[in-house]
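Taking it in order: structure first as structure tokens, then the write-up.
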Amino acid sequence: MLDATTRSGGTATATPQAAATELTVATDLVVGPEITVAAPAVPTAVRADPASRFLRALLSPWSRLSLLVVLLAAAASSVFLFDPQRLLADGWPPQLGGAAAAVAFAVAYGLCTLAFVPRPLLNLAAGAVFGSQLGLGTALVGTVLGAGAAFGLGRILGQDALRPLLRARWLKAADGQLSRHGFRSMMVARLFPGVPFWAANYCAAVSRMGWLPFLAATALGSIPNTAAYAVAGARASSPTSPAFLIAMALITVPALVGTVVAWRKRHHLRGRRGPLDTATEA
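Position one of the sequence shown corresponds to residue 828 (my numbering), numbered consecutively onward.
Structure follows, in structure tokens:
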């Protein structure tokens, strides 16, 4: 292989470059493909860009909870500017009437519940402005809108930060009750007065209760109390009428029953506490 035949018939020795090429080809055929060893990679520090770090901090659980607190504080402050009590004295603005007035009132009702305006006041206003039947309908729609908005805000902005704090026994018990028996628990909270509307909304949002049980229980459980207040608001000008007296009875009796049940439940829980709980309090 190292000799080459010339045109004149003689032999000549191959040049060193050709010999080296042929030797390389032969080596490849015998040994196999050349194995390439990659040089070890030099580790480089990965630095997140400032925009990514800012976005991550902005979306952290405690940042979202802080945003929720700011929004609720702003909503509560706006109540002083809006002064919803004027609806009872001045009535609904005359330029709004019919279906548009009912829709506007329902939306305003929901926003007012986010701003911690008491629902009894809003229900009375609904009855005074729209009468018993339409007032009941607009108040119920506003109740569901406000409850859904509070539940959504609490679930998106507060749940991740607040769930790790549920360490006390009564908090775990309340969370378990709402998570396992959401519809039944929310029905009880809506039927019997004593549990603030906003507190029930945000407690349900922190728990694992689903949207459908929460909204269904809110709509159904709010009917009796809302109807009583709407009728009372519609008949407030005649406080001696049977409708007004029945409405006031429907408002007062559940409140008394709820107070008695809460008092008995409190003493029942006290009786079930063990010596460890008593020693802890001491």
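Yeah, the Cβ is synthetic: ideal placement off N, Cα and C, and Gly gets one too.
Remember, it's a predicted structure, so these values are computed and weren't measured experimentally.
Where the alpha helix (DSSP H) through T1053 begins and ends: The residue you call residue 1053 lines up with position 226 of the sequence shown. Element bounds for T1053: 1050-1061.
Beta-carbon spacing of D987, L993 below 8 Å: For the purposes of this step, residue 987 is identified with residue 160 of the sequence shown, where counting begins at 1. For the purposes of this step, residue 993 is identified with residue 166 of the sequence shown, where counting begins at 1. Contact flag unset, no.
8 Å Cβ cutoff met for A955 and A1061: What you label residue 955 is simply residue 128 of the sequence shown in a count that begins at 1. What you label residue 1061 is simply residue 234 of the sequence shown in a count that begins at 1. For the pair A955 and A1061, the CB atoms are nearer than the 8 Å cut-off.
Collapsed DSSP secondary structure at T1067 in the structure displayed: As a working note, residue 1067 is residue 240 in the sequence shown. Per DSSP, reduced to three states, the secondary structure at T1067 is coil, with no helix or strand assignment.
Beta-carbon proximity of T965 to R946, cut-off 8 Å: The sequence position of residue 965 within the sequence shown is 138, counting from 1. The sequence position of residue 946 within the sequence shown is 119, counting from 1. No. Outside cutoff.
Helix, strand or coil at L1083 according to DSSP, with G and I counted as helix: Position 256 of the sequence shown, counted from the start, is the residue given in the question as residue 1083. Reduced to three states, the DSSP call for L1083 is helix.
Per-residue burial, A1016 [other beta carbons within 10 Å of its own, 16 or more giving buried]: Indexing the sequence shown from 1 puts residue 1016 at position 189. A1016 should be labelled buried.
Through-space distance from G1037 to L794, alpha-carbon basis: The displayed coordinates of the chain run from 828 to 1109. Any statement about residue 794 would go beyond what the structure contains.
For F943, three-class secondary structure by DSSP: In the sequence shown, residue 943 corresponds to position 116, counting from 1. Secondary structure at F943: coil, using DSSP grouped into helix, strand and coil.
Rounded Cβ spacing between L972 and A933 (contact assumed at less than 8 Å): Taking the first residue of the sequence shown as 1, we reach residue 972 at position 145. Taking the first residue of the sequence shown as 1, we reach residue 933 at position 106. The C-beta distance from L972 to A933 rounds to 6 Å, short enough to meet the 8 Å contact threshold.
Other residues of its chain near T1053: CB distance less than 7 Å, five sequence neighbours each side excluded: As a first step, residue 1053 is located in the sequence shown; it is residue number 226 there, counting from the start. In its chain, beyond the 5 residues on either side, N950, L963, A966, L967, T970 have a beta carbon closer than 7 Å to the beta carbon of T1053.
T1045 vs A976 beta-carbon contact at 8 Å: Within the sequence shown, the letter at position 218 stands for residue 1045. Within the sequence shown, the letter at position 149 stands for residue 976. With contacts defined by Cβ atoms closer than 8 Å, T1045 and A976 do not form a contacting pair.
Own chain partners of Y1029 with C-beta closer than 6 Å, once the 5 adjacent residues on each side are dropped: One-based indexing of the sequence shown puts residue 1029 at position 202. Within the same chain, and ignoring the five residues on either side of Y1029 in sequence, the residues whose Cβ sits closer than 6 Å to its Cβ are G981.
Cβ-Cβ distance between A1055 and L1077 below 8 Å: Here residue 1055 refers to the residue found at position 228 when the sequence shown is read from its first residue. Here residue 1077 refers to the residue found at position 250 when the sequence shown is read from its first residue. Yes, they are a contact pair.
Nearest to R1035 (by Cα), restricted to the options S1012, L899, L1083, P877: Position 208 of the sequence shown holds residue 1035. Of the residues S1012, L899, L1083, P877, the one whose Cα lies closest to the Cα of R1035 is S1012.
Residue range of the unbroken alpha helix (DSSP H) whose run includes T963: Numbered from its first residue, the sequence shown carries residue 963 at position 136. The residue asked about is misnamed: residue 963 is Leu in this sequence, not Thr. Its alpha helix (DSSP H) spans residues 959-980.
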